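By our numbering, the letter at position 82 of the sequence shown is numbered 85, and the numbering carries on one by one without gaps. Positions of the beta carbon are idealized from the N, C-alpha and C atoms, including for glycine. No experiment lies behind these values; they were computed from the predicted model shown. Have a look at the structure below before the remarks.
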Amino acid sequence: MQYVLIIHEVEDYKSWKKIFDEASDIRKEAGEKAYQVLKYESNPNKIVHFSSWTSIDDAKRFFESPKLVKIRAAAGVKSPDFIYLEQLESGIL
4 MQYVLIIHEV
14 EDYKSWKKIF
24 DEASDIRKEA
34 GEKAYQVLKY
44 ESNPNKIVHF
54 SSWTSIDDAK
64 RFFESPKLVK
74 IRAAAGVKSP
84 DFIYLEQLES
94 GIL
């Protein structure tokens, strides 16, 4: 399984979330399979987006596309950090 971990600050969570939700179809078409949205306990505008993807290449192609750069700007995203991950192991305790 391939994953992407994105950490970024947004100007306003509610505004960001509206645009994030509106982009669900293009995320799905690009290869996003599932996601989680988390926030920092101490800062509600510091967001973590963790998602599983069909492939790392699909995720990079999507997140680095000019279209998504424009969407991030409209959503008030401040300097996101993208971390591309491949699963080694998982379990339930």
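Taking the Cα positions, A33 is about 12 Å away from E67. The beta carbon of I59 lies closer than 6 Å to those of Q5, Y87 in the same chain, with the five residues before and after it left out.
Beta bridge pairing from DSSP links I50 with H11, K42. Remark: C-beta atoms of A62 and V7 approach each other more closely than 8 Å.
S18 carries a helical assignment under DSSP once its states are collapsed to helix, strand and coil.
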